[in-house]
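Here the structure is laid out as structure tokens; the discussion comes afterwards.
What follows is the structure, encoded as structure tokens:
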């Protein structure tokens, strides 16, 4: 039996990259590029943003994650409630 849980493997994964996209209502959101799940920062879902706020947030998250990888630390994983199967 493997001592690492699925959550541990996800937390250690190097694929914590974020992108931005425009929605039908012309608002922008920041999302995890491999899962499509909206990103969170300080407990707030990163949806309904202006283009400049989405760009700034995306760059900030990607820079922070690059610094963590460089330091050898795993990025925190915060799942969106719907993605975690909760309502």
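Residue numbers (UniProt numbering): 1 to 87.
Glycine residues also receive a C-beta, built at the ideal position from the N, C-alpha and C atoms.
query                                                                                                                                                                                       : result
Give every residue of the same chain whose Cβ lies closer than 6 Å to the Cβ of residue 44, excluding the five residues on either side of it in the sequence, and list them in chain order. : none
Report yes if the C-beta distance between residue 65 and residue 46 is below 9 Å; otherwise report no.                                                                                      : no
Output the distance between the C-alpha atoms of residue 69 and residue 63, rounded to the nearest integer angstrom.                                                                        : 10 Å
Of all the options 17, 40, 49 and 48, which has the alpha carbon lying nearest to the alpha carbon of residue 34?                                                                           : 17
Using DSSP with H/G/I as helix, E/B as strand and the rest coil, what is residue 8?                                                                                                         : In this prediction, residue 8 has a pLDDT of 38, which is less than 50 and means its spatial position is unreliable; what the coordinates show is noted afterwards. The answer is helix: DSSP assigns residue 8 an H, G or I state.
Suppose contacts are defined by Cβ-Cβ distances below 9 Å. Is residue 41 in contact with residue 57 by that definition?                                                                     : yes
If you check the beta carbons only, do residue 19 and residue 31 fall under 9 Å apart?                                                                                                      : yes
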